[in-house]
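Input: a single structure, listed below in structure tokens.
Residue numbers (the numbering used here), protein chains in the order written: chain A, 98 to 490; chain B, 139 to 293.
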């Protein structure tokens, strides 16, 4: 395939936003999705998903810590990024990122995790030795009161933080969708559905990620998987996925039926340059197949082993599918000319600042951070079962 | 029309099979409602009091959001400075009473700089009496580059 096909504006030949900008909505999506799964238990009292509660929070934190890195690496002048906090341009959809991010990280996620773990941190600061003791002592933030009354207050405040956290998680990812959806110059991006589609796909990816991580970690620790929990999580994944798929199909059907001036150009792109990543990977392998697999588990009474396998396969396919969706939005939106008369090709670097190697590193980094977090703040008890959130004693 | 291969290899010989060939110079439209100014996260892109859209090179992050937001493909990233770059409407010249370099060098005077804010400027009479178009009017950017007798196929 030639690098450029037809006619492009001169600045469209090379893509402006690289694979790192694909990673950014993918990572924030996992954060928002994992958090919403955690809030199911906390706010909506879905008891069955309790075993994933703490893991979901730690997963959200690990991915959230990495989420701004691809953006930072992508900037021409990363050293100027604090200007976004100091002199934000109020009319810019991007300017609020720093504030939304910090709000979500510091006011919601970190506070909720700290409150939930406070009792454990205090206990561990008393029972551990050496540098571990020091870390836990610092983490107590000088508050070692774990009386019944104090824990009750923790629980109440934690609940309130989660209640605030749900709209915050929606804001975080809906906002990421708005960054793309509000670019009127680009017909592939410009749709009011974009924030909603981003939000639901975020929930899908986050729920799938936590489900897979929960099963993987239990397998690693040779601890039996709580099937009631995984069944419930998979059911929520199925429902959310159907909403997400419906929204994406609505967008697609609307585009096909309306067939505005961009349609022929975009349609050609989907049938050529985006065919593999959009039709094969995103829609067929990453959406239709996992939905069909999850539907099987809802309709048929399958044995435990079969359900586990199906959940694992469906979960992984979902994660690949949502990544493909981000790819098709970000990269696909730059492959056609705004003159609708030409197409370009994305040439991904390998060992470059925005290359494949960096993208792989940034995808693995949250898992390494999660590994450290899980060691530091175990989401499960010594006996093996995942710890439940602390009841108000 | 547009530049084949991004204009890297020049322009191919004209199509002799009955199509029409013509030249449409494009430059920054210095839009009144410029999407590039709207999206800049730090306000490095700004509109001068006389209506020219400029970039503060010492302030631009190089996030490229403005390049994405411009419907006319008028912005790019400077390969050395790694900041956004665009036509300045020769601001250094026009603020000294000169015209832009492109207007000055146009051999037929087809390209003219006008002062839209000056009610006595002949541009107003010209806009009233000619069939004038702007690029992509549906983008509602109130672009200030006017084309006289522009072919409808130009985008």
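Ideal Cβ positions, reconstructed from N, Cα and C, are used throughout, including at glycine.
Item	Value
Tell me whether residue 251 of chain B sits in a helix, a strand or coil according to DSSP, three-state version.	coil
Since residue 126 of chain A and residue 305 of chain A should fall inside the 8 Å C-beta cutoff, what is the C-beta to C-beta distance between them, to a whole number of angstroms?	Not quite, the Cβ-Cβ distance comes to about 11 Å (not below 8 Å), so this is no contact.
Measuring CB to CB, does residue 208 of chain A end up less than 8 Å from residue 258 of chain A?	yes
With distances taken Cα to Cα, identify the nearest neighbour of residue 275 of chain A among A:286, A:422 and A:355.	A:286
Should residue 499 of chain A and residue 158 of chain A be called a contact, given that it needs their Cβ atoms to be closer than 8 Å?	Residue 499 of chain A is absent from the structure shown; chain A starts at 98 and stops at 490.
Output, in chain order, the set of chain A residues within a Cβ distance shorter than 7 Å of residue 177 of chain B.	189, 190 and 191
Within the continuous alpha helix (DSSP H) that includes residue 300 of chain A, where are the two ends?	290-317
State the beta-bridge partners of residue 271 of chain B as determined by DSSP.	B:285
Could you spell out where the alpha helix (DSSP H) holding residue 208 of chain A opens and where it closes?	207-224
Can you tell me where the alpha helix (DSSP H) with residue 251 of chain A in it begins and where it stops?	245-278
Name, please, each residue of chain B whose Cβ falls closer than 8 Å to the Cβ of residue 114 of chain A.	202 and 206
If we ignore side chains and look at the alpha-carbon of each, how far apart do residue 447 of chain A and residue 456 of chain A end up?	9 Å
From what residue to what residue does the beta strand (DSSP E) around residue 104 of chain A run?	102-105
What number of angstroms, rounded off, separates the C-alpha of residue 252 of chain B from the C-alpha of residue 202 of chain B?	30 Å
Would you please verify whether the beta carbon of residue 225 of chain B is less than 8 Å from any beta carbon of chain A?	no
At a Cβ threshold of 8 Å, is residue 106 of chain A touching chain B?	yes
By alpha-carbon positions, which one of B:238, B:159 and B:205 ends up nearest to residue 176 of chain B?	B:205
The beta strand (DSSP E) that contains residue 185 of chain B, what's its start and end?	183-185
Buried or exposed for residue 180 of chain A, please, with buried defined as at least 16 other CB atoms from any protein chain shown within 10 angstroms of its CB.	buried
To the nearest angstrom, how far is it from the Cα of residue 490 of chain A to the Cα of residue 228 of chain A?	For residue 490 of chain A, the predicted structure reports a pLDDT of 41, less than 50, and the residue's modelled location is therefore unreliable. A value from the coordinates is still provided. About 30 Å.
Of the choices A:176, A:440 and A:449, whose alpha-carbon is the least far from that of residue 103 of chain A?	A:440
Can at least three beta-carbon pairs, one atom from the segment 163-183 of chain B and one from the segment 175-192 of chain A, be found at a separation below 8 Å?	yes
Output, in chain order, the set of chain A residues within a Cβ distance shorter than 7 Å of residue 214 of chain B.	108
Can you list, in chain order, the residues of its chain with a C-beta nearer than 7 Å to that of residue 191 of chain A? Leave out the 5 residues immediately preceding and following it.	276
Give me, in chain order, the residues of the same chain whose beta-carbon lies closer than 8 Å to that of residue 280 of chain B; leave out the 5 immediate sequence neighbours on both sides.	169, 170 and 171
Relative to the alpha-carbon of residue 219 of chain B, which residue among A:182, A:173 and A:433 has its alpha-carbon at the smallest distance?	A:173
Let me know if residue 315 of chain A comes out buried or exposed under the rule of 16 or more other beta-carbons within 10 Å of its beta-carbon.	buried
With a threshold of 6 Å on Cβ separation, who are the neighbours of residue 289 of chain B within its own chain once the five nearest residues in sequence on each side are excluded?	none
Determine whether the Cβ of residue 189 of chain B lies closer than 8 Å to any Cβ atom of chain A.	no
Rounded to whole angstroms, what's the CA-CA distance from residue 471 of chain A to residue 215 of chain A? Just pull it up for me.	15 Å
Please state whether DSSP places residue 191 of chain B in a helix, a strand or coil.	strand
Got a sec: which bits of the segment 170-184 of chain A sit with their beta carbon under 7 Å from any beta carbon on chain B, in order along the chain?	172, 173, 174, 177, 178, 180, 181 and 184
Of all the CB atoms in chain B, is at least one closer than 8 Å to the CB of residue 385 of chain A?	no
Can you tell me which of the three DSSP states residue 139 of chain B falls into?	Confidence at residue 139 of chain B is low in this model, with a pLDDT of 45, below 50, so its placement is unreliable and the value that follows should be read with caution. Correct three-state label for residue 139 of chain B: coil.
In chain B, which residues lie with their C-beta within 9 Å of the C-beta of residue 435 of chain A?	208, 209, 210, 211, 274 and 293
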